[in-house]
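One line per chain: the protein sequences are F and L, in this order. So that you can map any letter, position 339 of the first sequence is 1248 in our numbering, and since no number is skipped, the others follow by simple counting. So that you can map any letter, position 328 of the second sequence is 1237 in our numbering, and since no number is skipped, the others follow by simple counting. Every residue, glycine too, gets a C-beta built ideally from N, C-alpha and C. Heads up, the thing below is written out as structure tokens.
Number of protein chains: 2
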Amino acid sequence: MAIERQRRRSSQSVTIRDVAAHVGVSPMTVSRVINRESNVKPETRELVHAAIRALNYAPSPAARSLAGSIPCRIGLLYDNPSTGYLSELLLGALDESSRTGAQVLVERCGESEMAAAALGKLLKAGIDGLILTPPLCESDRVLAEVQHAGVVAIAVAPGYASERLATIRIDNEAAARDLTEYLLSLGHRRFGCIKGHPNHTGSQQRADGFLSALAAAGIAPDTVRMEQGYYTYRSGLQAAQRLLADEPYPTAIFAANDDMAAAAVSLAHRMGFEVPQDLSIAGFDDTPIAASVWPALTTIHQPVAAMARAAVDLVLEEVHRQREGTGAPRQLLHPHTLIVRESTGPAPLPDDGGSHAGAIAPGDRL
Amino acid sequence: MAIERQRRRSSQSVTIRDVAAHVGVSPMTVSRVINRESNVKPETRELVHAAIRALNYAPSPAARSLAGSIPCRIGLLYDNPSTGYLSELLLGALDESSRTGAQVLVERCGESEMAAAALGKLLKAGIDGLILTPPLCESDRVLAEVQHAGVVAIAVAPGYASERLATIRIDNEAAARDLTEYLLSLGHRRFGCIKGHPNHTGSQQRADGFLSALAAAGIAPDTVRMEQGYYTYRSGLQAAQRLLADEPYPTAIFAANDDMAAAAVSLAHRMGFEVPQDLSIAGFDDTPIAASVWPALTTIHQPVAAMARAAVDLVLEEVHRQREGTGAPRQLLHPHTLIVRESTGPAPLPDDGGSHAGAIAPGDRL
DNA sequence: CTGAAAGCGCTTACAG
DNA sequence: CTGAAAGCGCTTACAG
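Pasting the structure below:
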């Protein structure tokens, strides 16, 4: 009887071998499914996926990177002012990357001139693919750099579909239209708009959706005041100030994101407007700030975490696709949702127009 | 002549084997040197070190974590931080984990009853260690669950050092004192305070630091109005409303975090106070909201990203330490910084006391 | 104090 | 479409 040496404890509970045994195939087949290789019988693939879920299996990044040149490092390059947006993005990306065994390297690049440096850092770390957020994914310069470096990139939340890049986005124009139609249904006829940053293509779409809904309702464009914002709280404050500079005041303001809408609420309060009694204000994106300010913002929910999860899958898929040289970049559209909260209400009666001077009294309930 | 199969390309240029060959020892000896084990002849150790330098060798994190018990999966359990705090935390943890080759699994648990579920999910994923944020790291119940599961845990940003857990924190009391002394130096004598959530131990320390600085300046405690907050924007609004309910108004408000301070600014504006001319308001943490609102908040910078990076290292270290059964949990203290921005200013002159009714005029610059 | 063997979990490079 | 063999770079668990 042979003396067996003590088996070393395995650091991982469930491995590719367990999944294989569960299905009754070889580990190789499981490996192929994980790596999205095409030469696996669809039924087998399904069985393997089911086993992966059942056993709650997650591939070991260490083993993958040691064994092969499997793409498992994903760069995430961002340049975004809203922190609520960022944490959702990170959470979603992290979640999916741990599920797929990929590793996400996050890098910020403030200016478009910094993109080269940030990109260089990611390349040096050996990324296999890149997730880009606006406005980076819409900058020809950044895109050229990415292409020159030979990295596969995809875009999250750009305005448009693209022939060069795989994209994941919502229909910004339809969403803005939905929100605007809701404001119209409340009886509003005098509108103001705080536009998003001009270098995000989604900004134009949001403005277009807003204007097209107004046009469909017979609101003359010249009665609509459009002010430029840049997606920051500060820019929202300034745009709102211009919007409320003189009469007739709008009864409803559509801001192209939540940060600017929150700023508009704050400024309106400071000027003595009651929200939503004197003035309705709506945002866009449904980032955490929308639910936390008072009154909470009516807005469009953009499923950022789900989109980030999808982005991790998509970039892996895209790396594979480009290696095979087949097909075209995928274009994914996620659903948006209108979220009605307290910052919007019925349009004030015409004779209420001038009564916005009342600051709240100490005893008011919040 | 045997037909040899093509050698697979190696992903690494110089390995432990090359170093061993260069010195004339076995790879094991090199491994021992790398891992700082004591049982290597000093001369051999020196030779190995020389070879490592000569060949510019760097160990492969993937191979180390695969082969050994080098822990590589870290759970991060969080409850309900402000989103600015969360994104900093994630960014820092991600950054360090990619550097060390560890993988971070993030899980949210809303209620303390949910901790078991979230923890179970992380355990099932095979985590080696756990990073806990307040108030989870201060809940006996959660701690008991963690201990029962046999996971090594550390705490980020708890109030106190601990005998059971390794911790990383700032000196909340000293930080609150620093901030309060700054407010005193501006001439303020009538104070209000919005306290943090009672189930965070740091909240008490912040209040203590505030009160002790006031006491040192001879301010009678009964002239100081303390209101309970819960770290949310909403709770800050309500506490500020109570604080400003009747005269004499405080000339300075210290809020235990930035979200509550931002809410206090918003409420003050709505009531017609000018900030900081009529009322100074300071926050704590220096999360992104502090710099984005107007006026930007004077606050204490808590280096959350650096603390999160340190947490990843610390949990790995702690896993190692507990396996060896040596020493005591490490207690790390990070430095805080007072950040002076526009939300605080000189105390108003006594005769200015009642002139807080002016809402801003449309032409004011922001 | 040192080393030969086995194996971590996965992949590549084959062969069917 | 599927699998057996070999190996990625390192460590553990032995035996000297």
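Among the options, nearest to residue i - alpha-carbon criterion
{"i": "glycine 1145 of chain F", "options": "F:Ala1124, F:Asp1168, F:Arg1134, F:Ala1161", "result": "F:Asp1168"}
{"i": "serine 991 of chain F", "options": "F:Thr1089, F:Pro1244, F:Asp1194, F:Thr1235", "result": "F:Asp1194"}
{"i": "glutamate 1072 of chain L", "options": "L:Gln1113, L:Gly1236, L:Ala1058", "result": "L:Gly1236"}
{"i": "serine 1007 of chain F", "options": "F:Glu1233, F:Val1221, F:Gly1234, F:Arg1230", "result": "F:Val1221"}
{"i": "valine 928 of chain F", "options": "F:Arg1099, F:Arg962, F:Leu1095", "result": "F:Arg962"}
{"i": "isoleucine 1128 of chain L", "options": "L:Glu1136, L:Gly1234, L:Arg1099", "result": "L:Arg1099"}
{"i": "glutamine 1114 of chain L", "options": "L:Ala1058, L:Ala976, L:Asn1081", "result": "L:Asn1081"}
Nearest-angstrom beta carbon gap, residue j and residue i [assumed within contact, 8 Å]
{"i": "leucine 1225 of chain F", "j": "threonine 1076 of chain F", "result": "Going by Cβ atoms, the distance from leucine 1225 of chain F to threonine 1076 of chain F rounds to 15 Å, so no, they are not a contact pair."}
{"i": "arginine 1143 of chain L", "j": "glycine 1101 of chain L", "result": "Contact doesn't hold; Cβ gap of about 18 Å is too wide."}
{"i": "proline 1130 of chain L", "j": "alanine 1122 of chain L", "result": "Incorrect: roughly 12 Å between the Cβ atoms, too far for contact."}
{"i": "leucine 999 of chain L", "j": "serine 996 of chain F", "result": "6 Å"}
{"i": "histidine 1243 of chain F", "j": "isoleucine 1103 of chain F", "result": "Actually they do not touch by this definition, with Cβ atoms about 24 Å apart."}
{"i": "leucine 1014 of chain F", "j": "leucine 1031 of chain F", "result": "6 Å"}
{"i": "asparagine 989 of chain L", "j": "glycine 1019 of chain L", "result": "7 Å"}
Beta-carbon spacing of residue i, residue j below 7 Å
{"i": "glycine 993 of chain F", "j": "threonine 1196 of chain F", "result": "yes"}
{"i": "threonine 1246 of chain F", "j": "alanine 1191 of chain F", "result": "no"}
{"i": "alanine 1011 of chain F", "j": "isoleucine 983 of chain F", "result": "yes"}
{"i": "alanine 1205 of chain L", "j": "alanine 1173 of chain L", "result": "no"}
{"i": "glycine 933 of chain F", "j": "alanine 1214 of chain F", "result": "no"}
{"i": "alanine 1164 of chain L", "j": "valine 1202 of chain L", "result": "no"}
{"i": "tyrosine 1069 of chain L", "j": "threonine 1110 of chain L", "result": "yes"}
{"i": "arginine 1218 of chain L", "j": "glutamate 1005 of chain L", "result": "yes"}
{"i": "alanine 960 of chain L", "j": "histidine 931 of chain L", "result": "yes"}
{"i": "arginine 1039 of chain L", "j": "valine 1060 of chain L", "result": "The sequence as given places leucine at residue 1039 of chain L; arginine does not occur at that position. Contact: yes."}
{"i": "proline 951 of chain L", "j": "leucine 1074 of chain L", "result": "no"}
{"i": "proline 1043 of chain F", "j": "alanine 1024 of chain F", "result": "no"}
Close-in-space but distant-in-sequence residues of the same chain around residue i (CB under 6 Å, 5 per side omitted)
{"i": "leucine 1041 of chain L", "result": "Leu986, Ala1062, Ala1064"}
{"i": "alanine 1177 of chain F", "result": "Val1184, Leu1188"}
{"i": "leucine 1092 of chain L", "result": "Ala1161"}
{"i": "valine 923 of chain F", "result": "Leu964, Tyr966"}
{"i": "proline 1259 of chain L", "result": "none"}
{"i": "histidine 1097 of chain L", "result": "Thr1160, Ala1161, Ala1256"}
{"i": "isoleucine 1248 of chain L", "result": "Asp1195, Thr1208, His1210"}
{"i": "arginine 1179 of chain L", "result": "none"}
{"i": "tyrosine 1230 of chain F", "result": "A quick correction: the sequence has arginine, not tyrosine, at residue 1230 of chain F. Same-chain partners within the cutoff: Gly1236."}
{"i": "asparagine 1108 of chain L", "result": "Pro1044"}
{"i": "valine 949 of chain F", "result": "Arg941, Val942"}
{"i": "glutamine 1137 of chain L", "result": "Lys1104"}
Beta-carbon contacts of residue i that lie in its chain and below 8 Å, excluding the five residues immediately before and after
{"i": "isoleucine 925 of chain L", "result": "Pro936, Val939, Ser940, Ile943, Tyr966, Pro968"}
{"i": "alanine 1200 of chain F", "result": "Leu1206, Arg1250"}
{"i": "proline 1271 of chain L", "result": "With a pLDDT of only 42 at proline 1271 of chain L, under the threshold of 50, the placement of this residue in the model should not be trusted; the figure read from the coordinates follows. Correct list: empty, nothing qualifies."}
{"i": "threonine 953 of chain F", "result": "Val932, Val934, Thr938, Val942"}
Residues near residue i by beta carbon distance below 7 Å, same chain, minus five either side
{"i": "glutamine 1186 of chain L", "result": "Gly1254, Pro1257"}
{"i": "glutamate 946 of chain F", "result": "none"}
{"i": "asparagine 1166 of chain F", "result": "Ser991, Gly1105, Tyr1140, Gly1192, Phe1193, Asp1194"}
{"i": "alanine 1126 of chain F", "result": "Leu1093"}
{"i": "glutamate 1227 of chain F", "result": "Gly1038, Val1061, Ile1063, Ala1075, Pro1238"}
{"i": "glutamate 1090 of chain F", "result": "Ala1122"}
{"i": "leucine 1223 of chain L", "result": "Ile1063, Ala1075, Ile1077, Arg1239, Leu1241"}
{"i": "glutamate 1233 of chain F", "result": "none"}
{"i": "leucine 956 of chain F", "result": "Val932"}
{"i": "isoleucine 1198 of chain F", "result": "Gly993, Asp1167, Asp1168, Ala1171"}
Contact test: residue i Cβ vs the ligand ADP heavy atom, cutoff 6 Å
{"i": "histidine 1106 of chain F", "result": "Questions concerning the ligand ADP fall outside what the structure shown contains, since it holds no ligand whatsoever."}
(message) Does the contact criterion of 3 or more C-beta pairs under 8 Å hold for the stretch 1051-1061 of chain L versus the stretch 1151-1167 of chain L?
(response) no
(message) Does the stretch 1073-1093 of chain L come into contact with the stretch 1108-1124 of chain L, if we say contact requires no fewer than three beta-carbon pairs (one atom in each stretch) closer than 8 Å?
(response) yes
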